[in-house]
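With my numbering applied, the sequence shown closes on residue 584, and no number is skipped along the way.
A short worksheet on the structure shown next.
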Amino acid sequence: MARRKKIYEGKAKVLYEGPEPGTFVQYFKDDATAFNAEKKAIIEGKGVLNNRLSEFFMTGLTAIGVPTHFIKRLNMREQLIRQVEIIPLEVVVRNVAAGSISKRLGIAEGTPLPRPIIEFYYKDDDLGDPIVSEEHILAFGWATHQDLDDMVALAVRVNDFMSGLLLGVGIKLVDFKIEIGRLWDNDFMRLVVADEISPDSCRLWDIKTGNKLDKDVFRQDLGDLADAYTEVAKRLGVMPTNAAQMTKPTLIN
Ligand code: UDP
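In structure tokens form, the structure reads like this:
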């Protein structure tokens with residue numbers, strides 16, 4: 332096969348040029364990083380799981396009318412996506428206090444929040460993705476007023492959809508991060524959900540046991556990350572078999 336042009340390599344994914352103009356191929360790696368890449372590991376099968384889970388969430392969002400960059404799955408680790416111009420902000424939605432909000436504001440992890448809280452972080456690894464206000468976003472031109480309104484509306488819809496879907500399989504959506512991109516259709520621009528939605532970018536707690544089923548398992552050394560993601564995929568009916576066992580061909584005697 333002809334070598335594809337690599338467009339960008341991130342911590343967990345690689346973007347390649349797509350088969351048609353305006354498309355990219357998004358490849359999910361097994362690399363796990365945390366604490367701004369200070370902690371690193373290869374988790375066999377993670378890329379396969381995230382490719383399927385992100386497809387599942389994005390397809391569901393499309394079905395309820397929330398636009399996304401997703402076009403179709405190509406194989407175990409790759410999906411075809413629309414090329415978008417990523418807005419340099421991470422949009423975080425929180426339902427329950429955990430992680431940085433617990434530290435920053437001294438709210439015990441697990442405290443339900445009075446209403447979903449939306450936060451913006453400026454995407455810059457060198458700065459450690461600092462939290463920013465709407466004032467910063469508007470003053471520095473990262474997004475317009477209209478973009479901000481649209482981003483909040485998208486984030487709320489994603490939160491409601493994902494919360495309901497996960498509640499149905501006994502999982503609490505504590506918080507998540509999305510990235511949003513501009514999709515151009517001639518002169519018309521709309522915002523769509525981009526990047527990925529997976530347990531790498533969500534906090535997911537088992538409702539009965541409180542067990543963590545997301546990247547905190549890796550951040551806090553709580554067990555096998557691929558097992559946690561497989562559990563999420565199984566409950567959602569996304570992947571009936573263990574993905575970690577499907578990543579390599581096995582010799583049959
Ligand atoms: N998150 C993410 N990428 C980042 C930062 C955060 O996907 O670069 C996700 C994280 O997994 C969690 C949510 O956004 O689901 C809120 O993260 P938080 O601000 O609590 O930061 P953390 O504790 O992950 O440093």
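All residues carry an ideal CB built from backbone N, CA and C; glycine is no exception.
Treat the numbers as computed from the prediction; the structure is a model and nothing was measured.
Taken through DSSP and simplified to helix, strand or coil, Thr442 comes out as coil. Secondary structure note for Lys371: its beta strand (DSSP E) is the uninterrupted segment 370 to 373.
The continuous alpha helix (DSSP H) containing Gln477 extends over residues 476 to 498.
Within the same chain, and ignoring the five residues on either side of Phe507 in sequence, the residues whose Cβ sits closer than 8 Å to its Cβ are Val423, Val424, Val489, Asn490, Met493, Ile528, Ser532, Cys533, Arg534.
In this structure, Glu409 lies near Gln357, with their beta-carbon atoms less than 8 Å apart. One alpha carbon belongs to Met389, the other to Thr399, and they sit about 6 Å apart. In this structure, Val427 has its beta carbon at no less than 7 Å from each heavy atom of the ligand UDP. Within the chosen limit of 7 Å, the ligand UDP does not reach the beta carbon of Phe359 with any heavy atom.
Annotation: Ile528 is outside any beta strand (DSSP E) and is labelled neither H nor E by DSSP. In the structure shown, Met389 adopts helical secondary structure according to DSSP, grouped into three states. Checking the 7 Å criterion, the Cβ of Val423 is within range of a heavy atom belonging to the ligand UDP.
Here the alpha carbon of Asn426 sits roughly 9 Å from the alpha carbon of Lys503. Here Ala557 is buried: its Cβ has 16 or more other Cβ atoms, across all protein chains shown, within 10 Å.
Positions of the alpha helix (DSSP H) runs, each at least 4 residues long and wholly inside the segment 533 to 572, are given as 547 to 550, 556 to 566 in order along the chain.
Not one heavy atom of the ligand UDP is found less than 7 Å from the C-beta of Arg413. If you look at Leu514, you'll find it isn't in any alpha helix (DSSP H); it sits in the beta strand (DSSP E) that goes 502 to 516.
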